[in-house]
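2 protein chains.
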Amino acid sequence: MINTAPPSGMRDFLPAELARRRYVQQIIRSTFEQFGFVELETPAVENLSTLLGKYGEEGDQLLFRLLHRRDKLTRALETSGVSEKDLAETGLRYDLTVPLARVMAHHPDLPRFFKRYQMQSVWRADRPGKGRFREFMQCDVDITGTKSLLAEVEVCSAVVEALNQLKFTDFAVHLNHRQLLRCLIKAAGIDPAMEETTLVAVDKWDKIGEDGVLKDLEARGIPRSIGETLLALLRRPEKVSEEEELGRLEKALSEIPDAKIPIEELRELLAMATKTPAGPKLFIDATLARGLGYYTGPIFEIRSAQAKGSLGGGGRYDGLIGMFSNREIPAVGFSIGFERVVLVMEENSLFPALGTGAQLLLCRFEDVSPAIALDYATQLRASGIRVEVFPDAGKIGKQIGYADTVGIPVVGILGGNEVKDGVIGLKHLKSGEQAKLSPVLAAAQVNTWLKS
Amino acid sequence: MINTAPPSGMRDFLPAELARRRYVQQIIRSTFEQFGFVELETPAVENLSTLLGKYGEEGDQLLFRLLHRRDKLTRALETSGVSEKDLAETGLRYDLTVPLARVMAHHPDLPRFFKRYQMQSVWRADRPGKGRFREFMQCDVDITGTKSLLAEVEVCSAVVEALNQLKFTDFAVHLNHRQLLRCLIKAAGIDPAMEETTLVAVDKWDKIGEDGVLKDLEARGIPRSIGETLLALLRRPEKVSEEEELGRLEKALSEIPDAKIPIEELRELLAMATKTPAGPKLFIDATLARGLGYYTGPIFEIRSAQAKGSLGGGGRYDGLIGMFSNREIPAVGFSIGFERVVLVMEENSLFPALGTGAQLLLCRFEDVSPAIALDYATQLRASGIRVEVFPDAGKIGKQIGYADTVGIPVVGILGGNEVKDGVIGLKHLKSGEQAKLSPVLAAAQVNTWLKS
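Heads up: the sequence lines are chains L and E, in that order.
Heads up: the first sequence runs through residues 1068 to 1519, numbered per our numbering.
Heads up: the second sequence runs through residues 1068 to 1519, numbered per our numbering.
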């Protein structure tokens, strides 16, 4: 027997689940477009010269590579000591940022402030697990070409508005600044050479708690007392406003001149955002580290009581997008954790009833020809309802049973009498209500039944 | 310098082009759903055990295979005489039919009459050329589980209606029947053993013309006189109705009992379709062969004077979908040539003006804070227009120039006076018209300008 499951870590999306994914995509899409973002798509396959070295050593290991073919493969296999690098020159998309950087270099005529969103699958040969897939959707929104903090506010607002539209209520955008974090680490008395490793430990705060971070810092060679000093600096007191928290950080870092700019930027960012969707959601959190080393300014992450872990994150990364362009292109971006958003929406019942599949199954007695049934179906569809026609005539009970089994909520029955009168016999299966109506009125009745 | 072009035969879709693809997808999607079809997605990656041997020898050659990783790769490279089959066990999706067959076997609880559509990329290592890509979108619609001809009419109607909605006017659905073709070949005096090779030649009629087919048949060992007999049988006289053409074929095949059923089926199919969208578009064409050997009943293909070649095709293929299920599952399907449809629509200017990107660029003088500009932007967006905010204050001319360069049709200008009065200064760049209005009225004005 052949194995008919999809490959490990990959998924088939059957209609009901796919409809939910489409719903999320559609809301994100229209929200981002309201903010003036435009959509980009890049190929599933990229040259390895584009991909390698961009995601660290671990990333290179997790790339799916496409095997050479024909002569190229034959030649490769003939060389002695053949290895991975001889067998492939292309691989599957691993994220959406590197392709954006490539596209920006390849199309120098793109708008100077390129506001792009992209929603496509990426592939990573990670060990599959609950909620962790080898093929999954990423959803990125970025503004390139400007260092203005207005760009930070715009990407945060767009993401917050998308989550609002998706009916998320209980979430916040945690906000920090890479330079501020650097200053806090310095203020705690940690050697700047230890900054990266310190960030890795702090990044786990959300998952392993304060004590976990302290232990992790110790394991990285930072004495417990210094760790405690750092945590005291980072820890936000309860029930303080954003302005109060910024004031506390300002005071704590008064001896460190480099802290002025990031604190001022955060203050400006908060002020700009006041009347935007992001305004009520921004939450200064000096413990936020965001693992990736490439952030250069403000960083953000969405946390929700409705979800474990984050629903997305981002920040300013001025050094990355220009990687193929031979010039620095400032950029700020936000990535929505699409798969997690879908999961959390399922767990919290945030999906409305989504119409998938036919609303009405057209059934007919033997004395009605398929041509007549199809004529009715055409009229019903033109009146705006989704109609399936049972393929055979015959026992009506069997036909209605089929509608019931597959979840079609209304049946429309055609016998010789109905056809003579130009009507259709409707039955709403759940309520048992019935009606005999012309196709146009029947479509309206179906809509009424299905709305209530 | 690194090569920043996408890999050979693959494409980046920049926003304007992508918007056109989304428009086509959206219309196809909503049309198919009106017909009660539901959407399926399958992974980009399939096990090679699923893919190999399903597309003929040529197909196997054109599969993209994913190279083994880590230990598996090391072990494979250590074996002597290592070859392609040792280096990969998965590959990229090559079509949408084999994945459907796999899903049907894996989910025995799917509806008995599974009406599914699927619109996803496939990958083929073909030699790239004009209009021929290595990554391209396929768009399939199929009904499984019934031998009723009603299913044929439904898939044809759904596709015709989609093309109608896309504003195609000048097209026909050429219709033939595999059994009929078989009988015609027999009637011409061709050995049944030569049937397949004859079909391959006839299949080229559309491209190489009658004389080309005759020559091709000769090259395949069919004498010119017999070839001419065949062509005379297949050739449809000008200005005959569908019924007359069926009558002609019936008469020509009166000696061949096997011809009765296919002719009767075509007649029934035409009758059923009369009042459906497919009705006026069906065109009996005995020369239609459809290359793929797996068709078992009616076959169809869309031809249009607006396009070279076909815009899609399909037919009944009762032997294929059950390949992983250990039972026969009858099926009929239609595949829209998505890439060609997009191309033909571009060539024939069938696309409406598609809104991509911001409709209004918000510009501000130095005396207006970014916070105020973002407040205005939030209100304008809530009123339903797509708004971009210029990231910096300063020279208004430069900001307007930017809108002009990137194609944003309206600018909204904010100075201290406008803010004091709670209005925004609008300018429609093309007409030069101006207005000072509150955000809500400004949004309405923008919509009015952009509609006219």
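Glycine is no exception: its CB is placed at the ideal position from the N, C-alpha and C atoms.
Here the structure is a predicted model, which is why all the values come from computation and not from measurement.
Measuring only the C-alpha atoms, how far is residue i from residue j?
i: G1492/L; j: L1316/E; result: 41 Å
i: K1487/L; j: T1164/E; result: 41 Å
i: L1159/E; j: N1070/L; result: 17 Å
i: S1116/L; j: E1413/L; result: 39 Å
i: E1221/L; j: L1441/E; result: 8 Å
i: E1274/L; j: A1255/L; result: First, the residue type needs correcting, since residue 1274/L is Lys and not Glu in the sequence shown. For K1274/L and A1255/L, the distance between alpha carbons rounds to 22 Å.
i: A1319/L; j: L1349/L; result: 21 Å
i: P1344/L; j: D1237/L; result: 14 Å
i: L1301/E; j: E1309/E; result: 14 Å
i: E1331/L; j: M1339/L; result: 12 Å
i: T1098/E; j: D1207/E; result: 13 Å
i: A1511/L; j: A1444/L; result: 14 Å
i: E1485/L; j: R1194/E; result: 57 Å
i: P1259/L; j: Y1361/L; result: 17 Å
i: R1201/L; j: P1074/L; result: 9 Å
i: E1113/L; j: T1296/E; result: 52 Å
i: R1448/L; j: A1509/L; result: 11 Å
i: A1017/L; j: G1389/L; result: Nothing can be reported for residue 1017/L, as the shown portion of chain L is limited to 1068 through 1519.
i: E1368/E; j: H1241/E; result: 5 Å
Is the beta carbon of residue i less than 9 Å from the beta carbon of residue j?
i: P1178/L; j: V1473/E; result: yes
i: E1106/E; j: R1089/L; result: yes
i: L1248/L; j: L1266/L; result: yes
i: G1103/L; j: K1214/L; result: no
i: F1203/L; j: R1191/L; result: yes
i: Q1092/L; j: M1171/L; result: no
i: T1354/E; j: Y1384/E; result: no
i: F1210/E; j: A1398/E; result: It should be noted that the sequence gives Ile, not Phe, for residue 1210/E. It is a contact, given that the beta carbons lie within the stated cut-off.
i: L1144/L; j: S1150/E; result: yes
i: A1225/E; j: Q1101/E; result: yes
i: Q1128/L; j: R1137/E; result: yes
i: G1212/L; j: I1366/L; result: no
Could you tell me which chain E residues have their CB closer than 9 Å to the CB of residue i, listed as they occur along the chain?
i: T1063/L; result: Nothing about residue 1063/L can be reported from this structure: the residues present for chain L run from 1068 to 1519 only.
i: E1455/L; result: F1102, G1103, F1104, F1180, K1182 and E1221
Under 8 Å from any heavy atom of the ligand SAH, does the C-beta of residue i make it?
i: Q1446/L; result: Ligands are entirely absent from the displayed structure, and the ligand SAH is therefore not among its contents.
Note down, in chain order, every chain L residue with its Cβ under 8 Å from the Cβ of residue i.
i: L1493/E; result: Residues of chain L passing the Cβ test: none, with the nearest at roughly 16 Å.
i: P1110/E; result: P1073, P1074, M1077, R1078, D1079 and E1202
i: T1213/E; result: P1458 and D1459
i: R1199/E; result: Within 8 Å Cβ-Cβ: nothing; R1199/E doesn't reach chain L, min ~15 Å.
Cβ closer than 7 Å: which chain E residues qualify as neighbours of residue i?
i: N1114/L; result: N1070 and P1074
i: L1517/L; result: Within chain E, no residue comes near L1517/L; the closest Cβ sits about 14 Å away, beyond 7 Å.
Tell me which residues share the same chain as residue i and place their Cβ nearer than 6 Å to its Cβ, disregarding the 5 neighbours each side in the sequence.
i: W1516/L; result: H1495
i: L1387/L; result: Y1361
i: D1325/L; result: C1250
i: Q1246/E; result: P1329
Starting from residue i, find everything on chain L with Cβ-Cβ shorter than 9 Å and list it in chain order.
i: S1450/E; result: Correct list: empty, because the minimum Cβ distance to chain L is about 10 Å.
i: L1217/E; result: P1437, A1440, L1441, V1456, F1457, P1458 and D1459
i: L1085/E; result: V1105, E1106, L1107 and E1108
Using a Cβ-Cβ cut-off of 8 Å (strictly less than) and excluding sequence neighbours within five positions of residue i, which residues of its own chain qualify?
i: A1155/L; result: L1115, R1132, L1133, L1134 and H1135
i: A1372/E; result: D1237 and F1238
Identify the contact partners of residue i in chain E, using a Cβ-Cβ distance below 8 Å as the criterion.
i: H1174/L; result: D1079 and L1081
i: T1343/L; result: L1441, D1442, A1444 and T1445
i: A1192/L; result: R1136
Closer than 7 Å by beta-carbon distance: list the chain L residues that pair up with residue i, in chain order.
i: G1473/E; result: A small fix is needed here, since residue 1473/E is Val in this sequence, not Gly. P1178, listed in chain order.
i: R1334/E; result: Per Cβ cutoff of 7 Å: no residues; R1334/E is ~12 Å from chain L at best.
i: S1188/E; result: A1111
i: R1249/E; result: Near R1249/E there are no residues of chain L at all, since even the closest Cβ is about 25 Å away, more than 7 Å.
i: M1339/E; result: P1437, A1438 and L1441
i: F1432/E; result: Under the 7 Å cutoff, chain L gives no residues; its nearest Cβ is about 15 Å from F1432/E.
i: K1155/E; result: The question names Lys, yet the displayed sequence has Ala at residue 1155/E. Under the 7 Å cutoff, chain L gives L1134.
Excluding the 5 residues preceding and the 5 following residue i in the sequence, name in chain order all residues of the same chain whose CB lies nearer than 7 Å to its CB.
i: A1502/L; result: L1493 and Q1512
Got a sec: which bits of the stretch 1158-1171 of chain L sit with their beta carbon under 7 Å from any beta carbon on chain E, in order along the chain?
-> Listed by position along the chain: R1169 and V1170.
Mind listing which residues of the stretch 1362-1377 of chain L have their C-beta closer than 9 Å to chain E's C-betas, in chain order?
-> none
Taking any Cβ of chain L, which residues in the stretch 1137-1151 of chain E have a Cβ under 8 Å from it, in chain order?
-> R1137, L1140, L1144, V1149, S1150 and E1151
Select from the stretch 1377-1402 of chain L all residues with a C-beta closer than 8 Å to any C-beta belonging to chain E, and list them in chain order.
-> F1391
Mind checking the stretch 1401-1421 of chain E against chain L and listing, in chain order, the residues whose C-beta falls within less than 8 Å of any C-beta there?
-> Of all residues in the stretch 1401-1421 of chain E, none has a C-beta nearer than 8 Å to a C-beta of chain L.
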